[in-house]
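Written out below as structure tokens is the structure these notes cover.
Numbering (this note's numbering), first residue to last: 3 to 1070.
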């Protein structure tokens, strides 16, 4: 058996597509020896030297062995042939054998694959595995699997000579008959074989199946071929007579051996003992065993033990005598030797549990090396019993037996772990035994049972498991609450008070559960429910656990302008913190400003928050006040420092109390070491390089980088990081899944976005996706002509969650409505009077996603323009102005009408609009704008429209007209906006038009403004193009300030400075 095992897996390991050791090494962490060095003491030396080459030199946890089949579903539609081969080899290296759960996917893959094929060497190895290395199957099942592989090899013409010898060995091992040996000889000759080579193998098959007639025929064939009979051939004859029940014939064979001068070695004696056992002649077998005591080899003892399977009656004492025949070297070690494991598993699957127990009992105490786990002995048996679906009583009996005799003192724990992996309800009787034996049960033992009950009974299953834990006297810990209970109780926690009562009924104290519930509510944006809940209980709250969630709530309060409610929440929480003088509010403010760059740069929101904190009577420590002041001044400009910073400084002074401290020991010192969640994207990139260079865990950094890259629209980098995360099997948190969904939305990959949204909702049903991500996903649905699905999605969201809307999602709503406008333009059967964008806008407004705003009204006009209906667009514009006093798409509409009035033939054909009609519509639009904003503001917009679409003469005439009054402040703001949007041509035309005129428009200031925008974006190429454009204007003298700024930008990017620019810089 060892010889076959080594030969077949030596071949398998040489194949490149079976190199999956890395997967095994990464997934298995503790020690479990699948094969001992002592197991090979009686094998040939070359086999012993090869042992390390095909068994993985890593440690395995006993409870993880043979669990592969329970973790990986047999998803044949997505498993390749190479993956199946890899899983089979991995399982064998862990256990020393394989099961149907590894073989059947491989056989199925072979029957369905059209591209990948086995090599002859792989075929040889798989035939050996199917025929001889599946102890949990009966002979018929083994040969059925064998035949499947054989047919595949025949179909692809891969049969070789050695395959026939393997087939005969498999038939002999399984005692299966060979109906027509002449046919086998003929096939063997066709592949280049010689009959003499396989006559002994054919005789062995006939003997193993008890076919005396066929054995006699083969003997005649061998005599005709002048082949001398060996001891093995006589032993095959012994098996033939023995298994046919002819004991007298066996004696005749032994006499013939003696007459022929063939030495009867221990191989013949072990065969005789096995035959006596199978023929219910235990006494004769015992006599022979005592006569040749100590002379048997390990393989011969294994052969005799395997005969127990076919022995009608055998005593346990005789089995123990057989086991004692093993040499001390063979049995020395900390696990049952591999050969004996095969025997035990076969005994188990033939319902001979009492004989199996006798074998295990007779083995000596395991010899565990120093610092080695002592829970490995016999653990293979527990896996086999679970696969065999033995009763939990039988499994417990074996475990108790191993514990009581000291061979595996943790047997019950191993059995409990396997039960939790395979069928969690089975673990309860095992827990009962553990309690009776004064073992301590811990909360994490119940995690698999909790997940099992949740899958079957939803949230009631979690409560049921808590009740079970109460019965066992096990109290929940914080990890259990935070990871396995609260995230699964989204419906129960809709009413926190009722949830607390349910928890009390199942033994959870309010003092234990209140703080985690508050943290859960804060994390899931249900913070408005927290203050009433806290006020109803006198329980003290652990504020340290709430600082992180409160930072997230503060960001939400800033977005929704709910600082008053946030202040009340902080007051309620601090009232229950106890008598501690620790400064939780100061720590919260420090963490908030340190982790949220946007918050720290918004001095208005900071001042508002401090004001509300003061109103509710909360204070901070002096150290916190200094730290907050430092954090606020880090990224502020001089202008912003002079505006609100003094007010904030005064407010900090007012709320400071000297008796408070940032630390528990009263120290005023506090260190602020950056956590990856507080790093910028560039800092994270550097940190990732450092972690990878040191071979350290980079999963948390990758998760954070993915979220930031998606947020900053660095989508290519986000895809690279996602591939890294997939490769490293990074756990996908709900926030990470939401970011991946957002990434696919931005990439316009609707299928992947739908997949991740579904995955997020299934795995984390209580997680609330950000509104802006949800609206962007709806926009993608609209872009893919799924408008009704988008409406249904948004409506369902509003039914189950309160919609915030407002400025927070203004841009996202605009994008959604613009997508609706484009889809409406593509629709050929849409009546002219309908406006889908308006209908969708009313729908969103009703649900609370948006309010009336100039930006969100723009798509209503744009839809008319996209459909080429200019009069309808002007009519829509007029209606919106009269109804809401807003003028959406004003600049674009004015620019279009100016271009049409200047006889742009292409546009006139597109909109079917003449010069006269365009001028008439332009007059209507200007009149509408004047009614809403006044003539001065209208002139400012009209001036920019002529700068965008008019001629230089038209623009110049407007600027030279003294009666053409403009709102100078509004014009400057509009110019800054156009500069940020990259409207270089519009602004340069406006600057040239204002040249030499004493108006508010300063030509040099416009150029400097454009350059400053390029500097912010670090766009040196655009800055150079602007300079070249200005340099080409002979009438313009570029300012020294412009030249100096451009030179600094080029130097910062190591760009060669043009000679003309260098000359100007030197002159300066």
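Yeah, the Cβ is synthetic: ideal placement off N, Cα and C, and Gly gets one too.
Nothing here was measured: the structure is a model prediction, and the numbers come from that model.
Residue pairing of residue 663 in beta bridges, as defined by DSSP: 584. If you draw a straight line from the Cα of residue 347 to the Cα of residue 386, it is about 7 Å long. A residue is called buried once 16 or more other Cβ atoms fall within 10 Å of its Cβ, and residue 458, having fewer, is exposed.
A direct Cα-Cα distance of roughly 21 Å separates residue 803 from residue 813.
In the three-state reduction of the DSSP assignment, residue 658 falls in the strand class. In the structure shown, the three-state DSSP call for residue 622 is strand. When the alpha-carbon of residue 86 is set against those of 110, 996 and 727, the nearest one is in 110. Considering only 677, 1038, 522 and 1065, the residue with the shortest C-alpha distance to residue 1049 is 1065. The Cβ atoms of residue 952 and residue 917 lie no closer than 8 Å to each other. Secondary structure at residue 179: coil, using DSSP grouped into helix, strand and coil. The residues 532, 533, 536 and 537, in chain order, have a CB closer than 8 Å to that of residue 574 in the same chain once the five nearest residues on each side in sequence are set aside. Around the beta-carbon of residue 245, 16 or more other beta-carbon atoms lie within 10 Å, marking it buried. Rounded to the nearest whole angstrom, the C-alpha separation of residue 888 and residue 524 is 38 Å.
Under the DSSP assignment, residue 789 falls in the alpha helix (DSSP H) whose first and last residues are 789-802. For residue 851, the three-state secondary structure derived from DSSP is coil. The C-alpha of residue 248 lies about 15 Å from the C-alpha of residue 257.
In the three-state reduction of the DSSP assignment, residue 299 falls in the coil class.
In chain order, 320 and 323 place their CB closer than 8 Å to the CB of residue 288, counting only its own chain and leaving out the 5 sequence neighbours on each side. Scanning 260, 861, 908 and 509 for the CA closest to the CA of residue 840 turns up 861. Residue 710 sits close to residue 683, with the two beta carbons spaced by under 8 Å. If you draw a straight line from the Cα of residue 183 to the Cα of residue 108, it comes to about 30 Å. Counting C-beta pairs with one atom in each stretch, the stretch 619-632 and the stretch 699-716 have fewer than three that are closer than 8 Å, which means they do not touch. For the stretch 533-585, the continuous alpha helix (DSSP H) assignments of 4+ residues that do not extend past its boundaries occur at 549-562 and 565-576, in sequence order. The alpha helix (DSSP H) runs of length 4 or more contained entirely in the stretch 353-378 are, from start to end of the chain, 355-364. CA-to-CA, the gap between residue 512 and residue 746 works out to about 42 Å.
Taking 8 Å as the cut-off, the Cβ atoms of residue 209 and residue 163 do not count as close. The beta carbons of residue 549 and residue 572 sit no closer together than 8 Å. The DSSP-derived three-state label of residue 768 is coil.
Within a 10 Å sphere around the beta-carbon of residue 82 sit fewer than 16 other beta-carbons, which makes this residue exposed.
Listed in chain order, the non-local C-beta contacts of residue 774 below 6 Å within the same chain comprise 811 and 814, local neighbours out to five positions each way being set aside.
For the stretch 239-308, there is no continuous beta strand (DSSP E) assignment of 3+ residues that stays within its boundaries. When secondary structure is reduced to three states using DSSP, residue 965 falls in the coil class, being assigned neither helix nor strand.
By a beta-carbon distance limit of 8 Å, residue 349 contacts residue 358. Their separation comes to about 4 Å. Taking a contact as a CB-CB distance under 8 Å, the pair residue 996 and residue 1013 does not count as one, their CB atoms being some 18 Å apart. In this structure, residue 664 places its C-beta atom within 8 Å of the C-beta atom of residue 589. When Cβ pairs closer than 8 Å are counted between the two stretches, the stretch 960-968 is seen not to touch the stretch 906-925, the count staying below three.
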